[in-house]
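Below is one structure; the comments refer to it alone.
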Amino acid sequence: MSPPEQALAQGQWVKLICGASNQDLAAIEDLAGLYSLAGVHCIDAAADAAVVGAVRRGMAWAAERGSSVPWLMVSLSDGPDPHFRKAWFDPERCPPACRRPCEQACPALAIGLAATGAAGVLADRCYGCGRCLPACPYGLIEERSQVLAAGSVPALLADIRPDAIELHCQAGRDGGFADRLGQLVASGVPLQRLAVSMGAEAGGAPALGEHLWQRFDRLREAGFRPLWQLDGRPMSGDLGRGAARVAVRLLSQVRSLAPPGPLQLAGGTNGHTLGLLEPDSGVAGVAFGGEARRRLQPWLQAAHGQGRRLLDCPALWPPALEHAQALVQPWLQRCGGRGC
Ligand code: SF4
Ligand code: SF4
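Sequential numbering from 2 applies to the sequence shown in the numbering used here.
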């Protein structure tokens with residue numbers, strides 16, 4: 002059994018989420034390097050050749066220092082989805098007196114003269130969270146979809162050859178789900194796992210259980226092994242105990258309703274998550290996005306401010322690694338699954 006499969010079986014799986022539409026290559030490469038060295042089993046990133054290149058460079062840096070190479074997972078969706086969009090506005094239309102509340106709202110420092118040197122949205126940094134959309138008092142900010150066209154998926158996957166795919170799914174899109182599966186099969190790429198990401202927004206836990214079962218049947222027909230990602234509070238960027246509790250509660254409600262396959266938490270996961278789990282929670286692991294980035298942000302900014310990779314700054318990356326390990330290690334050491 003491969004180390005990632007072993008981690009899923011033992012409840013110790015940890016995935017780093019770089020963002021389904023995040024194209025901040027410098028940060029992605031540094032995060033991939035340091036979290037690989039910290040021991041994550043999988044890195045989930047945008048289905049984009051440049052992004053995948055950055056992830057692989059980060060993984061190679063960590064491998065040179067003795068880490069195992071995590072699975073590369075790329076994200077797709079079965080239709081329009083907030084994870085696959087970017088904000089946009091024309092700064093020429095902004096009234097000069099505007100106090101720029103959009104800047105304050107953005108957690109990715111993707112808007113603003115101070116942060117980026119550009120007055121509009123820095124598209125590479127925007128990951129589509131949507132916080133800026135209602136913040137503009139003039140309604141100038143719009144969202145632009147980043148969903149991949151069907152025809153481009155097989156060739157793209159054949160080019161980047163991921164180990165796993167994450168499909169962000171919504172209720173009522175069985176046709177879109179089946180179409181995406183067909184594109185994955187057409188790519189000819191052997192996948193270790195196909196992660197289905199869904200939240201409870203459509204009808205609560207019982208409905209979520211039904212949706213997962215429908216997708217389980219499709220996956221079985223297509224020959225893919227599932228990984229169920231329970232999206233507690235999607236794209237929340239909320240690092241408090243309340244957000245962590247939402248994801249853990251969803252797990253407890255869905256666990257007995259879900260089809261066979263490992264259950265993994267995401268959406269509002271953070272440093273509180275592990276402490277909120279019951280000893281017999283049955284969870285296979287966790288994915289960290291906003292929390293993983295926040296912990297390394299000061300070092301990322303310090304290195305990038307010097308025009309360097311964090312991975313190339315021997316005075317900076319060791320303390321950053323300690324913070325990454327503090328998030329990951331408790332999961333690697335827990336005893337929560339069949340193999341313990
Ligand atoms: S607030 Fe969210 S959607 Fe708006 S620019 Fe920032 S990352 Fe993009
Ligand atoms: S809040 Fe609206 S008007 Fe003000 S800077 Fe942002 S996009 Fe422009």
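Beta carbons: idealized from backbone N, C-alpha and C, even for Gly. All of these numbers come straight from a predicted model, not from anything done at the bench.
Proximal residues to Cys-137 (C-beta, below 6 Å), its chain only, five neighbours per side dropped: Cβ within range, chain order: Cys-103.
When you compare the CB of Ala-111 with every CB in chain C, is at least one pair closer than 8 Å? No chain C is part of this structure, which consists of one protein chain only.
8 Å Cβ cutoff met for Trp-62 and Gly-34: Gly-34 is positioned such that its CB atom lies closer than 8 Å to that of Trp-62.
If you compare alpha carbons, which of Ala-223, Gln-326 and Ala-285 is closest to Ser-253? In terms of Cα proximity to Ser-253, the closest of Ala-223, Gln-326 and Ala-285 is Ala-285.
CA-to-CA distance, Leu-240 to Phe-178, given in whole angstroms: Roughly 31 Å between the two C-alpha positions.
For Arg-1, which of helix, strand or coil comes out of DSSP? Any question about residue 1 goes unanswered here, given that the chain covers just 2 to 341.
Could you name the residues of the same chain whose beta carbon sits closer than 8 Å to that of Leu-322, not counting the 5 residues immediately before and after it, in chain order? Closer than 8 Å at the Cβ level, and outside the excluded window around Leu-322, lie Leu-35, Leu-38 and Ala-39.
Inter-residue spacing [alpha-carbon to alpha-carbon] between Leu-9 and Pro-263: Computed Cα separation, rounded: 7 Å.
Between which residues of its own chain and Cys-170 is the CB-CB distance below 7 Å, once the five residues before and five after are set aside? Answer for Cys-170: Asp-79, Phe-178, Val-197, Ser-198, Met-199 and Arg-216, listed in chain order.
How long is the line joining the alpha carbons of Arg-194 and Ala-223, rounded to whole angstroms? Their backbone Cα atoms lie some 12 Å apart in a straight line.
Can you give me the C-alpha to C-alpha distance between Arg-310 and Arg-234, rounded to a whole angstrom? Approximately 31 Å between the Cα atoms of the pair.
Count the other CB atoms within 10 Å of the CB of Arg-94; is the residue buried (16 or more) or exposed (fewer)? The residue is exposed, with fewer than 16 neighbouring Cβ atoms inside 10 Å.
Between the region 322-334 and the region 155-169, can you find at least three pairs of beta-carbon atoms closer than 8 Å? Verdict: no, contact absent.
What separation, rounded to the nearest whole angstrom, lies between the Cα atoms of Gln-307 and His-273? Distance from the CA of Gln-307 to the CA of His-273, rounded to the nearest whole angstrom, comes to 33 Å.
Which residues share a DSSP beta bridge with Pro-227? Looking at the DSSP assignment, Pro-227 forms a beta bridge with Leu-195.
Checking 8 Å against the spacing of the C-beta atoms, do Leu-258 and Pro-191 come in under that value? Going by C-beta atoms, Leu-258 is not nearer than 8 Å to Pro-191.
Since Arg-86 contacts Ala-109 with CB under 8 Å, what's their CB separation in whole angstroms? 13 Å between Cβ atoms; not a contact.
Would you identify the three-state DSSP class for Arg-86, choosing helix, strand or coil? Of the three classes helix, strand and coil, the one that applies to Arg-86 here is strand, per DSSP.
In its own chain, which residues sit with a C-beta less than 7 Å from the C-beta of Cys-133, not counting the 5 before and 5 after it? Closer than 7 Å at Cβ, skipping near neighbours: Ala-88, Cys-103, Ala-106, Cys-107, Ile-112 and Ile-142.
Between Arg-246 and ligand 1, is there a pair consisting of the residue's CB and a ligand heavy atom that are separated by less than 7 Å? Exclusion of Arg-246 from the 7 Å shell around ligand 1 follows from its C-beta lying no nearer than that to any non-hydrogen atom of the ligand.
Rounded to the nearest angstrom, what separates Leu-228 and Cys-99 at their Cα positions? As the crow flies, the alpha-carbon of Leu-228 is around 46 Å from that of Cys-99.
The alpha helix (DSSP H) with Asp-31 in it runs from where to where? If you look at Asp-31, you'll find it in the alpha helix (DSSP H) that goes 26-39.
For His-324 and Ile-44, what's the separation of their Cα atoms in angstroms? About 17 Å.
Which residues does DSSP pair with Ser-76 in a beta bridge? Ser-76 is bridged to Ala-47 and Glu-167.
How big is the Cα-Cα spacing for Gln-265 and Gln-230? If you take the alpha carbons of Gln-265 and Gln-230, they lie about 5 Å apart.
Below 6 Å CB to CB, which residues in the same chain sit around Leu-333 once its five sequence neighbours on both sides are set aside? Excluding its 5 nearest sequence neighbours in each direction, Leu-333 has C-beta neighbours in its own chain below 6 Å: Gln-13 and Gly-40, listed in chain order.
Taking buried to mean at least 16 other C-beta atoms within 10 Å of its own C-beta, is Gln-24 buried or exposed? So Gln-24 counts as buried.
Residues near Glu-6 in its chain [Cβ-Cβ closer than 7 Å; skip 5 each side]: Around Glu-6: no qualifying Cβ.
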